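Novice: Attaching a single structure in structure tokens format; questions to follow.
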Amino acid sequence: MAPPRKRPRSASPPASASPRRKSTRLLQALVEAAKERITKYQSQNRVHEDILQPSLKAFVEWLPEGGQESIARDIINATTDKELYNIFYNLLTGIVVPMMALSKHDTGMYFDVVERMLNSPQARDSKFRDLCHQRDSYRCVITGDMDTNYWEKTLGCPEGVHFSKVRAAHIIPLNYATWDKLLDIDDVYELKLYDYFPSSYERIFPKKSLVEFARAENTQDLEPPNATLLDCHYRLAEILNASGMARLVDDYLWGYGYTQDSAGRSPDIERILYLAFWGDGVG
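Right under this line is the structure:
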């Protein structure tokens, strides 16, 4: 049998990797180097540093590419653990909760502040809620249940209709649920539930994981939920859950008896989140 013929070499130089491929490899290398730096952090008994490593790793994994590269470089360039902790602190206060001045008051005062906030909730935009209900036919986009008030006061309590309290949500979900990755089909999303989601609620969820947003009749002028914002919510929800922050906030809110007032309004969650994380000050 004759030996296999060798393919003649091309006179032209081999094609170099595309800029996109080089950029992807560079980003992957930065992310891995950042993760390695994170693992070297030594505990100094600073506030919530027990979630520093999973939090920073979650940020470099789930932020969009531009954010990934920026955060990864900051982490790699942190020469001391104090600098690394400052990055952790700035991310949480700048992205997860609003940037606020630290207070050095006794921690007992924060309990009074939280209690006052719960009793003096921040009003929600009723127009936003009403338009969302109109667009979605006054039904939950997940379960299909009709809003109790609409079922009772508008339709007169018809039989054979599943109903429950339906709320228009415009906050980042914690351990409740979030929309998974963007799909190729417009207004169709994959539902994802995180750990500790109550099994009693999970039983009423639809068996299929895909949810499609559709406008009700005569609401063509109302836009569906913004895909970019949903993607942002998804990424932050992944960060909150991967880092352990979601469980911390959830336990904190339940510990303060998180409720709504008689008008159905919610407390100022942003301020409560800040107190939950940074009420003890930063070491």
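Throughout the sequence shown, residue numbering follows full-length UniProt numbering, covering 1 to 283 in sequence.
For each residue, glycine too, the CB sits at the ideal point set by N, CA and C.
Since the model is a prediction, treat every value here as computed from it, not as a measurement.
(1) Can you tell me which of the three DSSP states Val-60 falls into?
(2) Does the beta-carbon of Leu-236 have 16 or more other beta-carbons within 10 angstroms, so that it is buried, or is it exposed?
(3) Pull the bridge partners of Phe-163 from the DSSP assignment, please.
(4) If Val-60 sits next to Gln-53, beta carbons under 8 angstroms apart, how far is it from one beta carbon to the other, in whole angstroms?
(5) Assuming Ile-38 contacts Ile-71 under a Cβ cut-off of 8 angstroms, what Cβ separation, rounded to an integer in Å, is found between them?
(6) Please classify Glu-202 as buried or exposed, where buried requires at least 16 other C-beta atoms within 10 Å of its C-beta.
(7) How would you call Asn-77, buried or exposed, if buried means at least 16 neighbouring beta carbons within 10 angstroms?
(8) Could you spell out the range, first to last residue, of the beta strand (DSSP E) harbouring Glu-212?
(9) Got a sec? Which residues, its chain only, sit under 7 angstroms from Ala-216 by beta carbon, not counting five neighbours each side?
(10) Which stretch, first to last residue, makes up the alpha helix (DSSP H) that contains Lys-82?
(11) Phe-163: which of His-48, Tyr-85, Ser-200, Arg-139 sits nearest, CA to CA?
(12) Does the segment 206 to 216 come close enough to the segment 141 to 156 to have 3 or more Cβ pairs within less than 8 angstroms?
(13) What do you get for residue 287, buried or exposed, if any count of 16 or more other CB atoms within 10 angstroms of its CB means buried?
(14) Using a Cβ-Cβ cutoff of less than 8 angstroms, which residues in the same chain neighbour Leu-222 once the five nearest sequence positions on both sides are dropped?
(15) When DSSP labels each residue in this structure, what does Tyr-189 get in the three-state scheme?
(16) What separation, rounded to the nearest whole angstrom, lies between the Cα atoms of Val-47 and Asn-90?
(17) If you compare alpha carbons, which of Leu-191, Val-211, Glu-152, Leu-26 is closest to Gly-66?
(18) Please determine, among Asn-226, Lys-165, Tyr-234, the residue with the shortest C-alpha to C-alpha distance to Leu-191.
(19) Identify the residues that DSSP records as bridge partners of Arg-203: which are they?
(20) Between Leu-63 and Pro-158, what straight-line distance do the alpha-carbon atoms span, to the nearest angstrom?
(21) Throw me the rounded Cβ distance for the Ser-199 and Ala-58 pair, which I believe falls under 8 angstroms.
(22) Rank Asp-195, Gln-220, Leu-210 by C-alpha distance to the C-alpha of Val-188 and give the top, closest one.
(23) What would DSSP say about Arg-73, mapped onto helix, strand or coil?
(24) Starting from the C-beta of Asp-81, find all residues in its chain whose C-beta is less than 6 angstroms away, skip the five residues before and the five after it, and write them out in chain order.
(25) Indicate the three-state DSSP secondary structure (helix, strand or coil) for Arg-215 in the structure shown.
Specialist: The short version:
(1) The residue given as residue 60 occupies position 60 in the sequence shown. Helix, per DSSP.
(2) For the purposes of this step, residue 236 is identified with residue 236 of the sequence shown, where counting begins at 1. By the neighbour-count rule (16 or more Cβ atoms within 10 Å), Leu-236 is buried.
(3) Here residue 163 corresponds to residue number 163 of the sequence shown, with the count starting at 1. Answer by DSSP bridge pairing, in chain order: Met-146.
(4) Numbered from 1 along the sequence shown, position 60 holds the residue referred to as residue 60. Numbered from 1 along the sequence shown, position 53 holds the residue referred to as residue 53. Actually they do not touch by this definition, with Cβ atoms about 11 angstroms apart.
(5) Position 38 of the sequence shown, counted from the first residue, corresponds to residue 38. Position 71 of the sequence shown, counted from the first residue, corresponds to residue 71. Between Ile-71 and Ile-38 the Cβ distance is about 11 angstroms, and since that is not below 8 angstroms, they are no contact.
(6) In the sequence shown, the residue the question calls residue 202 occupies position 202. Around the C-beta of Glu-202, fewer than 16 other C-beta atoms lie within 10 Å, and the residue is accordingly described as exposed.
(7) Counted from its first residue, the sequence shown places residue 77 at position 77. Looking at its Cβ environment, which holds fewer than 16 other Cβ atoms inside 10 Å, Asn-77 is exposed.
(8) For the purposes of this step, residue 212 is taken as the residue at position 212 of the sequence shown. Note, Glu-212: beta strand (DSSP E), 210 to 212.
(9) As a first step, residue 216 must be located in the sequence shown, where it is residue number 216. Answer for Ala-216: Gln-134, Arg-135, Asp-136, Ser-137, listed in chain order.
(10) Here the question's residue 82 lines up with position 82 in the sequence shown. Membership of Lys-82 in the alpha helix (DSSP H) is indicated by the continuous run 81 to 91.
(11) Position 163 of the sequence shown, counting from 1, holds the residue named residue 163. The shortest C-alpha to C-alpha distance from Phe-163 to any of His-48, Tyr-85, Ser-200, Arg-139 is the one to Arg-139.
(12) With the cut-off at 8 angstroms, the segment 206 to 216 and the segment 141 to 156 touch.
(13) Because the chain spans 1 through 283 in this model, residue 287 falls outside it and cannot be assessed.
(14) Here residue 222 is taken as the residue at index 222 of the sequence shown, counted from 1. The beta carbon of Leu-222 lies closer than 8 angstroms to those of Leu-131, Gln-134, Arg-135, Arg-215 in the same chain, with the five residues before and after it left out.
(15) Along the sequence shown, one-based indexing puts residue 189 at 189. Tyr-189: strand per DSSP, three-state reduction.
(16) In the sequence shown, the residue the question calls residue 47 occupies position 47. In the sequence shown, the residue the question calls residue 90 occupies position 90. The alpha-carbon atoms of Val-47 and Asn-90 are separated by roughly 13 angstroms.
(17) Indexing the sequence shown from 1 puts residue 66 at position 66. It is Leu-26.
(18) Here residue 191 is taken as the residue at index 191 of the sequence shown, counted from 1. Looking at the Cα atoms, Tyr-234 is the closest of the given residues.
(19) Sequence index remark: in the sequence shown, residue 203 carries index 203 (1-based). None; Arg-203 has no bridge partner.
(20) Counting from 1 along the sequence shown, the entry for residue 63 is found at position 63. Counting from 1 along the sequence shown, the entry for residue 158 is found at position 158. Pro-158 has its alpha-carbon roughly 46 angstroms from the corresponding atom of Leu-63.
(21) Looking up residue 199 in the sequence shown gives position 199. Looking up residue 58 in the sequence shown gives position 58. Actually they are not in contact, since the Cβ atoms of Ser-199 and Ala-58 sit about 25 angstroms apart, beyond 8 angstroms.
(22) The residue given as residue 188 occupies position 188 in the sequence shown. For Val-188, the nearest C-alpha among the options comes from Leu-210.
(23) By one-based count along the sequence shown, residue 73 stands at place 73. Looking at Arg-73 - three-state DSSP - the assignment turns out to be helix.
(24) Here residue 81 corresponds to residue number 81 of the sequence shown, with the count starting at 1. Around Asp-81: Tyr-41, Gln-42.
(25) Here residue 215 corresponds to residue number 215 of the sequence shown, with the count starting at 1. Here DSSP, grouped into helix, strand and coil, assigns Arg-215 to coil.
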